[in-house]
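Engineer:
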Amino acid sequence: TLANVLHASARTEDALTSLKTTVDLNPGHLQAWHTAGALNGMLNRHTIAIDCFHKALELQPQATETRLNLAQSLLQTAQWDAAAEQCLRVTNETPESAVAWSMLGRSYAEQGQGDAALDAFRHAVQLKPAFPQALAGIGFALHKQGNWEESLDYFRQALQVNPQMAQAHFGL
Numbered sequence: 001t002l003a004n005v006l007h008a009s010a011r012t013e014d015a016l017t018s019l020k021t022t023v024d025l026n027p028g029h030l031q032a033w034h035t036a037g038a039l040n041g042m043l044n045r046h047t048i049a050i051d052c053f054h055k056a057l058e059l060q061p062q063a064t065e066t067r068l069n070l071a072q073s074l075l076q077t078a079q080w081d082a083a084a085e086q087c088l089r090v091t092n093e094t095p096e097s098a099v100a101w102s103m104l105g106r107s108y109a110e111q112g113q114g115d116a117a118l119d120a121f122r123h124a125v126q127l128k129p130a131f132p133q134a135l136a137g138i139g140f141a142l143h144k145q146g147n148w149e150e151s152l153d154y155f156r157q158a159l160q161v162n163p164q165m166a167q168a169h170f171g172l
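Residue numbers for the sequence shown, in the numbering used here: 1 to 172.
(1) Which same chain residues end up closer than 7 Å to residue 167 when comparing Cβ atoms and leaving out the 5 residues on each side of it in sequence?
(2) Determine whether the Cβ of residue 124 lies closer than 9 Å to any Cβ atom of chain C.
(3) Please report the distance separating the alpha-carbon of residue 172 from that of residue 134.
(4) Measure the CB-CB distance between residue 76 and residue 103 and report whether it falls below 9 Å.
(5) Leaving out the 5 sequence neighbours to the left and right, which residues in its chain are closer than 6 Å to residue 142 when beta-carbon positions are compared?
(6) Roughly how many angstroms lie between the CA atoms of residue 81 and residue 37, to the nearest whole one?
(7) Can you tell me whether DSSP reads residue 132 as helix, strand or coil?
(8) Suppose contacts are defined by Cβ-Cβ distances below 9 Å. Is residue 56 in contact with residue 33 by that definition?
(9) Does DSSP put residue 66 in a helix, in a strand, or in coil?
(10) Please classify residue 92: does DSSP put it in a helix, a strand, or coil?
(11) Taking C-beta to C-beta, are residue 93 and residue 66 nearer than 9 Å?
(12) In terms of residue numbering, what span does the alpha helix (DSSP H) encompassing residue 159 cover?
(13) Buried or exposed, going by whether 16 or more other CB atoms sit within 10 Å of the CB of residue 132?
(14) Counting only the same chain and skipping the five closest in sequence on each side, list residues whose C-beta sits under 8 Å from that of residue 45.
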């Protein structure tokens, strides 16, 4: 699409203008709403992204990728309950989604639900053992519970997968 070409050419604002024209002319254009949400999310315009993802989900409620992107924007705007709700929906519909389980863990952790967070992060790692975000999530959850030595092991595992992961370095 023109929007993808413009974005690939570092013309994201032009891409968004093209997508706005698309949805103005055809409000039922699922991919335009999803892409507009994704681009706005990349630009840290998460409130706009959330609106776009909601519109896309009105058109296609089973769109797992859109729901995960919505959850990510909700996490970025500290809407922990709403993010958890989206993640739970994905984990119920697509239980093999390690990303959804990890994001659910973060949602729970941010709400102070340590045991639930730990369970969700561990489920993500069962599905995808080399998942640095989930490994670091386990590390932070264990640290918060006072299991400092065990938490260090998980931060180290995360760094073995991604040596540049600032979050895991911070945990150490």
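Idealized CB from N, CA, C, for every residue including glycine.
Structural biologist: On the basis of the data shown:
(1) If you number the sequence shown from 1, residue 167 lands on position 167. 136.
(2) Reference to chain C is not applicable here, since this structure consists of a single protein chain.
(3) One-based indexing of the sequence shown puts residue 172 at position 172. One-based indexing of the sequence shown puts residue 134 at position 134. Between residue 172 and residue 134, the C-alpha separation is close to 15 Å.
(4) Reading the sequence shown from its first residue, position 76 is the one you call residue 76. Reading the sequence shown from its first residue, position 103 is the one you call residue 103. Going by C-beta atoms, residue 76 is not nearer than 9 Å to residue 103.
(5) As a position in the sequence shown, residue 142 is number 142, starting the count at 1. Counting only residues of its own chain and dropping the five nearest sequence neighbours on each side, residue 142 has a CB closer than 6 Å to the CB of 150, 151.
(6) Here residue 81 refers to the residue found at position 81 of the sequence shown. Here residue 37 refers to the residue found at position 37 of the sequence shown. Whole-angstrom Cα-Cα distance: 20 Å.
(7) Working through the sequence shown from its first residue, we reach residue 132 at position 132. Annotated three-state conformation of residue 132 is helix, per DSSP.
(8) In the sequence shown, the residue the question calls residue 56 occupies position 56. In the sequence shown, the residue the question calls residue 33 occupies position 33. Yes, these two residues count as a Cβ contact at 9 Å.
(9) Numbered from 1 along the sequence shown, position 66 holds the residue referred to as residue 66. Three-state result, residue 66: helix.
(10) Taking the first residue of the sequence shown as 1, we reach residue 92 at position 92. Reduced to three states, the DSSP call for residue 92 is helix.
(11) Start at 1 with the first residue of the sequence shown, and residue 93 comes out as number 93. Start at 1 with the first residue of the sequence shown, and residue 66 comes out as number 66. One thing to note: residue 93 has its Cβ no nearer than 9 Å to the Cβ of residue 66.
(12) Counting from one through the sequence shown, the residue named residue 159 turns up at place 159. Membership of residue 159 in the alpha helix (DSSP H) is indicated by the continuous run 148 to 161.
(13) Residue 132 sits at position 132 when you count from the first residue of the sequence shown. Buried: at least 16 other Cβ atoms inside 10 Å.
(14) In the sequence shown, the residue the question calls residue 45 occupies position 45. For residue 45, where only same-chain residues beyond five positions count, there are no Cβ hits under 8 Å.
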